[in-house]
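Protein chains in written order, with my numbering: chain C, 1 to 138; chain H, 1001 to 1138.
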C-alpha cells in the first residue's frame, strides 16, 4: 500500500453547463479547442466530452436530468467549475489510504468513468473541491 | 492579430480556501505535493501559492480581507474551485480578439500576477467560469 496519494498529473477540470453543444462550439471557436466526441453516460446521468489541452483536459458536462447531482448543481449554483480530477496509479490503494486518513469517500471502490476507473472524494474533505481520482485503464 | 485565442496549456486551477497553510499542508501530506512558497499580494488582495503538478499547477488562494472578491467568494459560496487559468501567447492580442467576439473582460489590459502577465474574463462570458489568461514573462 502506498503511503501517500501521489498525483501523476491533473487529469481534467470539469465544467457543468446547460448545453454541451453550445459549450463545445464556444471552446472550439474562441479558444481553438480540438473537436471532441460527446458520450452519453446514463449511469453517470450526463452527456460528457473531454477537450484535450496540453497534458490535461477540460471536461464539459450536461446533466441528462435536472434532478440528478449535476442537474441540481446547475440549478442551484449556475453553470461553472464542477470538479477537479487527479490522475493516480493504483486507485484502490489510494482510496484505502484516503479513507484511513479520514477523508470522506463518495466511492469506496473504483467505477468506470469516461477517463478510465474513477472514484469521487467528498468536497468537504478537500477544501470544498469535489475531487475525482482517475486511473487510466490499459 | 491572431484569429482565435489559442490555448497553450492549462496554466493553473485555483482553489479559494480559508487557511492557505492548512491547505498546503493537506496537499503535501495527502497528495504528495511539492513544497511551494506563499506570496503575499496586496494588489490582488490574496496570499497565493502555486503547487506544480505535471504540466499545470494548483493555485491556493487565501483572501487578505473578507470583503474583497476572494473573501466574498468564500463567505458566500464556501471554499472551493475559484477560477481556471489558460496559458496563451500574445496576451493583449488575445484580449482584443475576445473583446471583439463580445466576451466581457474584467481586465482590458494585462496586469502583473503571480504567474506572469494576467487578465481575467467575466464568468458570464465563459459558462460561469471565471477565466484567467496568463502569459508567462521572459
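Beta carbons are placed, not taken as given, at the ideal position from N, Cα and C, and that holds for glycine.
So for residue 1033 of chain H, helix, strand or coil by DSSP?
Three-state DSSP puts residue 1033 of chain H in coil, outside helix and strand.
Opening and closing residue of the beta strand (DSSP E) in which residue 1087 of chain H lies:
1080-1087
Could you tell me the distance, in whole angstroms, from the CA atom of residue 1052 of chain H to the CA atom of residue 76 of chain C?
If you take the alpha carbons of residue 1052 of chain H and residue 76 of chain C, they lie about 32 Å apart.
Could you check if residue 67 of chain C is buried or exposed, using at least 16 other CB atoms within 10 Å of its CB as the buried criterion?
exposed
Between which two residues does the alpha helix (DSSP H) holding residue 1093 of chain H run?
Looking at the DSSP string, the run of the alpha helix (DSSP H) that includes residue 1093 of chain H is 1091-1100.
Residue 1122 of chain H, buried or exposed, once every other Cβ within 10 Å from all chains shown has been counted against 16
Residue 1122 of chain H should be labelled exposed.
Pick out the complete beta strand (DSSP E) segments inside the segment 1001-1079 of chain H, 3 residues or longer, and give them in chain order.
1009-1017, 1039-1041, 1046-1053, 1056-1063
In the DSSP output, what is residue 1105 of chain H paired with across the bridge?
H:1121
Just checking: is the beta-carbon of residue 127 of chain C within a distance shorter than 8 Å of some beta-carbon in chain H?
yes
Is the Cβ-Cβ distance between residue 30 of chain C and residue 1004 of chain H less than 8 Å?
Going by C-beta atoms, residue 30 of chain C is nearer than 8 Å to residue 1004 of chain H.
Thinking C-beta only, is residue 24 of chain C closer than 8 Å to residue 45 of chain C?
no
Proximity winner among H:1132, H:1125, H:1124, H:1126, relative to residue 1109 of chain H (alpha-carbon distances)
H:1132
Identify the continuous beta strand (DSSP E) that holds residue 1134 of chain H and give its terminal residues.
1131-1135
Between residue 1071 of chain H and chain C, is any beta-carbon pair separated by less than 8 Å?
no
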